[in-house]
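Here is the structure we will look at, set down as structure tokens.
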Amino acid sequence: MEDPTTQQAQARSAVPDADAVMARAGGENFPVAPRWLPVPHRAHLLAIYGFARLTDELGDSAPGDRLAALDWLELELEAAYSGTPEHELMRELAKTIAACDLPPEPFLRLIEANRSDQVVRSYERWRDLMDYCALSANPVGELVLRVFGLASAERIRQSDAVCSALQVVEHCQDIREDLTRGRVYLPLEDLARHRCNLVDIEAPSVSPGLRAVLELECTRASALLDEGRPLIASLRGWPRVAVAGYVGGGRAALSALARANFEVLALTPLPSTRRVIGSILRALAGARR
Numbered sequence: 009m010e011d012p013t014t015q016q017a018q019a020r021s022a023v024p025d026a027d028a029v030m031a032r033a034g035g036e037n038f039p040v041a042p043r044w045l046p047v048p049h050r051a052h053l054l055a056i057y058g059f060a061r062l063t064d065e066l067g068d069s070a071p072g073d074r075l076a077a078l079d080w081l082e083l084e085l086e087a088a089y090s091g092t093p094e095h096e097l098m099r100e101l102a103k104t105i106a107a108c109d110l111p112p113e114p115f116l117r118l119i120e121a122n123r124s125d126q127v128v129r130s131y132e133r134w135r136d137l138m139d140y141c142a143l144s145a146n147p148v149g150e151l152v153l154r155v156f157g158l159a160s161a162e163r164i165r166q167s168d169a170v171c172s173a174l175q176v177v178e179h180c181q182d183i184r185e186d187l188t189r190g191r192v193y194l195p196l197e198d199l200a201r202h203r204c205n206l207v208d209i210e211a212p213s214v215s216p217g218l219r220a221v222l223e224l225e226c227t228r229a230s231a232l233l234d235e236g237r238p239l240i241a242s243l244r245g246w247p248r249v250a251v252a253g254y255v256g257g258g259r260a261a262l263s264a265l266a267r268a269n270f271e272v273l274a275l276t277p278l279p280s281t282r283r284v285i286g287s288i289l290r291a292l293a294g295a296r297r
């Protein structure tokens, strides 16, 4: 049996550096940490994003034993609360944890989501997918609210709706990439209802049945964004701007998918910067009304 110390050393060798992880920020559907935010808030949001992105990188792409890599990350999280973590991103996170008094539970849920990804390959029903989003996406929104000192039970519930919506949009955009990792995040019962299977996802372009499934999931994501919209109105100042960025980015991504008629296999439908900014401004205007 392999020595645990050896396992940890091998897991650490598979961890990407901070620059490689943060390079992914520009490809998100929403502004990760808008440049117009005050520097301290922006630094904290980047630290949270860095942890979430690092967790996903270990769960999705790390060579070798990914569960061991995630175990290493949990040890790094413990060090962020009680000592000095090794990884640069975790040292930045330790500063944010201390400054904002963040609890460990949301971070642990993100790690658990990626552990689940190693064994769970698909989700039968929409409700099952939402349970997964409660681990993989919703903790980020809760942490953002805690950075601003504005977390309440109702705001966290609304934030959960927004974060789940953003996760579903990403799943719709990345169905082929997810399949290369052996995962299908479109509910299986929806695929079956529209007579779809893995062959449809591997095809050169989207079939009518798969298009219907994608439209259904995007409609559900839009409803989740509507459910979270009161969150923007409940906030003021920079927190309102930051959350409007997430909601507006999700809306812009949904519009890009609809304009492309949900063709996510032959091309990658992404909104332009102008459309994202316009969507954010509309989200802010709606909150003021």
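The numbering used here puts the first residue of the sequence shown at 9, with every later residue one more than the last. Each residue gets a CB set at the ideal place from its N, CA and C atoms; glycine is no exception.
DSSP places proline 238 in the uninterrupted alpha helix (DSSP H) bounded by 216 to 242. A distance below 7 Å between beta-carbons, with the five flanking residues on each side excluded, links proline 279 to the following residues of its chain, in chain order: Ala260, Ala261, Ser263 and Ala264. By the Cβ test, the segment 124 to 136 is not in contact with the segment 88 to 96, since fewer than three Cβ pairs between them sit closer than 8 Å.
Counting only residues of its own chain and dropping the five nearest sequence neighbours on each side, leucine 78 has a CB closer than 6 Å to the CB of Leu66, Ile119, Asn122 and Arg123. Under the three-state reduction of DSSP, valine 128 is assigned to coil, being neither helix nor strand. Contact between glycine 258 and alanine 173 holds: their C-beta atoms lie close to 6 Å from each other, under 8 Å. Residue range 134 to 144 is occupied by the alpha helix (DSSP H) that includes tryptophan 134.
Judged by DSSP in its simplified three-state form, valine 23 adopts coil rather than helix or strand.
Beta-bridge pairing by DSSP links valine 170 to no other residue.
Taken through DSSP and simplified to helix, strand or coil, valine 155 comes out as helix. Sequence-distant partners of threonine 104 (beyond 5 residues in either direction) whose C-beta falls short of 8 Å from its own C-beta, in its chain, are Ala51, His52, Ala55, Ile56, Leu110 and Val155.
Counting C-beta atoms within 10 angstroms of its own C-beta, threonine 63 has 16 or more neighbours from the protein chains shown and is therefore classed as buried. Valine 192: not part of any alpha helix (DSSP H); DSSP gives it neither H nor E. For leucine 194, same chain residues with a beta-carbon under 6 Å away, outside a window of 5 residues either side, are Val221 in chain order. Boundaries of the alpha helix (DSSP H) around arginine 50: 47 to 68.
In the DSSP assignment, proline 42 falls outside any alpha helix (DSSP H), carrying neither H nor E. For the segment 238 to 278, the continuous alpha helix (DSSP H) assignments of 4+ residues that do not extend past its boundaries occur at 245 to 267, in sequence order. Where alanine 295 is concerned, the enclosing alpha helix (DSSP H) starts and stops at 281 to 296.
Setting aside the 5 residues that flank it on each side, alanine 41 is surrounded in the same chain by Arg50, Leu53, Leu54 and Tyr57, each with a C-beta closer than 7 Å to its C-beta; the list follows chain order. Looking at Gly245, Arg267, Arg296 and Thr276, the one whose alpha-carbon comes closest to that of proline 46 is Gly245. With fewer than 16 other Cβ atoms inside 10 Å of its own Cβ, glycine 72 counts as exposed. When rounded, the separation of the alpha-carbon atoms in leucine 224 and glycine 236 is 19 Å. Taking the C-beta atoms as reference points, glutamate 96 is found nearer than 8 Å to alanine 26. The straight-line gap separating the alpha-carbon atoms of asparagine 269 and glutamine 181 is approximately 12 Å. Non-local C-beta neighbours of arginine 219 in its own chain, meaning closer than 6 Å and more than five positions away in sequence, comprise Phe270, ordered along the chain. Under the three-state reduction of DSSP output, cysteine 180 falls in the helix class. Here cysteine 108 has His52, Arg154 and Val155 as same chain residues with Cβ atoms under 7 Å from its own Cβ, once five neighbours each way along the sequence are excluded.
Within the same chain, and ignoring the five residues on either side of arginine 43 in sequence, the residues whose Cβ sits closer than 8 Å to its Cβ are Arg50.
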